[in-house]
Structure formats: structure tokens, C-alpha cells
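Shown next, in C-alpha cells, is the structure this report addresses.
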Amino acid sequence: MTAPRIEDNSLDHTADVEAIRQVIADVEKGFNDNDADLLVEHFAENGSAVSVNGRQLDGRDMMLEVSRAALAGPLRDERARYRLADVVFVRPDVAVAHKHAWATDAAGEPVDVGHAMSALYVLTKEGERWWVVARQNTLVPGS
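Residues 1 to 143 in full-length UniProt numbering are what the sequence shown lists, from first letter to last.
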């Protein structure tokens, strides 16, 4: 038996990709501005995230609580640049997106911290809005 290729090519997803790109931009801005509310704004109420250290955060309230503590504490002076690397629509209302991230200084210039990050997002469209239902962060060692 051959595995199926699960991808929705029935629609023009140009506007959807731009909307998902904006979600990633808001997450970046929330991180860089130490704004936990914006960081989790696009997560569904029952969304789930796994941090780079493997901690599973279930529910938007938990993500907000942990984000507030991290952005006020160990991540307070950290900055990053995010890039939407890839989006695959498995259904018209479900997307899998990959985000790449690099550490930057306050001016947005890259800094070498010995790693970058890759994140996998699962998003679903409710009405005209895309919501993150899951995110998995993974540190990528420097080369």
C-alpha cells in the first residue's frame, strides 16, 4: 500500500499564507516586545505548545502564564527574527507551518548563540481567522 499525499490544492491559498505569515509576525513582535498577550493571541483556547526545553503547555491560560514569567525573567533581553519557511494545507481549513528563528540583538542584527530554532505550527481556520492549535519548538545546534 502506498501512503497518500495529504495536501489540499483545490484552492488558491495566497491570502491564507499571508494571514499565517501575520500570525508568525505577531508572535515575533510579542517575543521581541516582551508582550506575552500578543505572543499567545493567535492560540486557540485549548491550544498546546511545547517549549524548546520540552515543557508541554496545555491551554492558552497556561501559555500566557508561562510566557509572562519567561518574558519578565530569563527571556527579558532576548530578541529573535522569525521566518515562515513552509506552509502545507492538509485541508482548506487546516495548515501545517514551519517557522525558523534566529537570535538577534536589539537592533535586529544576528547574534551567534550557537543555535537557531525551528518550530512546527498546526493551524485551523475558524470563520475567516487562523488559530494556532499546536506548536512544537526545537533548538537547532549551530554548524
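Glycine residues also receive a C-beta, built at the ideal position from the N, C-alpha and C atoms.
Do A44 and W131 have their C-beta atoms closer together than 7 angstroms?
yes
For M63, which of helix, strand or coil comes out of DSSP?
helix
Quickly, what does DSSP pair M117 with across the bridge? List them, please.
Answer is A101, L139, bridged to M117.
Range of the contiguous alpha helix (DSSP H) that encloses A54:
With the sequence shown as reference, residue 54 is identified as Gly, and Ala is not the correct amino acid for it. That residue, G54, is in no alpha helix (DSSP H); it is neither H nor E in DSSP.
For A85, the three-state DSSP class (helix, strand or coil):
strand
Considering only the alpha carbon of each residue, which of R21, N9, A3, D8 lies closest to H98?
R21
Residue span of the alpha helix (DSSP H) that contains residue 159, given as start and end
This structure leaves residue 159 out entirely; the chain is present only between 1 and 143.
Name the DSSP beta bridge partners of S48, please?
D58, A134
Beta carbon of A97: closer than 6 angstroms to some heavy atom of the ligand HEM?
With respect to the ligand HEM, the structure shown offers nothing to examine, as it has no ligands at all.
Leaving out five residues before and five after V40 in sequence, what residues of the same chain have Cβ atoms less than 7 angstroms from its Cβ?
Hits under 7 angstroms: R60, M63, L64, S67.
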